[in-house]
Amino acid sequence: MATRDFAVRTEPHVATLGDLGELHFVAEVFGDEFLDGYNQVQEAQKSLGGEEDLTKMDPDALRRIYGSMRQFLATLMTPESAERWLRFEVVKANKVVDHFRSRDEAEAKAAELGATARVRDVSMRVPDRVLVELLEWTTELYGGGNDRPTTPSSGSSRASRRAGTPGKAPSRSKGSTRTAGRSAR
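Residue numbers (my numbering): 37 to 221.
Shown next as structure tokens:
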């Protein structure tokens with residue numbers, strides 16, 4: 037019977053954002069959950085049609101992309117961090133009536149409450165480059181892409197232990213081939 041141990045991360049990943057504090061991301065995600073969320077980000081990006089110049093982009097399309105990126109990242113966060121990251125408050129008579137992680141849900145609640153209710157976005161604000169860096173970082177963490185760090189970091193899971201023992205066979209590389217007994221030409 038063969039036995040193999042697998043490393044399963046149990047501690048959250050931590051993104052430190054200077055004075056803004058930390059955001060905690062769940063230790064592990066299921067592949068389909070990650071892929072579904074990431075697929076939504078890619079679909080939103082397709083709406084730009086390959087345009088890379090921000091001045092030429094449709095502002096509504098750009099908002100949808102940033103919104104999908106923020107929503108995707110929130111699904112990977114612990115509940116406490118997601119609450120800080122995305123927060124839309126429904127306000128009526130200067131009092132917060134309810135709060136949501138989705139603007140659409142908040143707008144629907146405000147509509148139920150009447151014309152005097154409004155939605156206030158009190159989500160954590162980060163520069164665009166940080167938003168993109170967080171997306172790339174989480175893609176490396178959970179997606180297992182080729183862009184994974186080549187050196188160990190506190191944000192990466194340890195590799196699973198290899199089963200068995202290392203082999204003792206001689207190397208076939210020319211650099212380690214013995215030269216004793218060869219004739220020099």
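Glycine included, each C-beta is placed from N, C-alpha and C at the ideal position.
Inter-segment contact for the region 132 to 150 and the region 93 to 101 is absent: fewer than three beta-carbon pairs are separated by less than 8 Å. In the structure shown, residue 58 falls within a strand segment according to DSSP collapsed to helix, strand and coil. Boundaries of the beta strand (DSSP E) around residue 134: 131 to 136. Per DSSP, the unbroken beta strand (DSSP E) holding residue 50 starts and ends at 49 to 52.
The DSSP-derived three-state label of residue 94 is coil. Annotation: residue 124 is outside any alpha helix (DSSP H); the continuous beta strand (DSSP E) that includes it extends over 124 to 128.
Here DSSP, grouped into helix, strand and coil, assigns residue 161 to coil.
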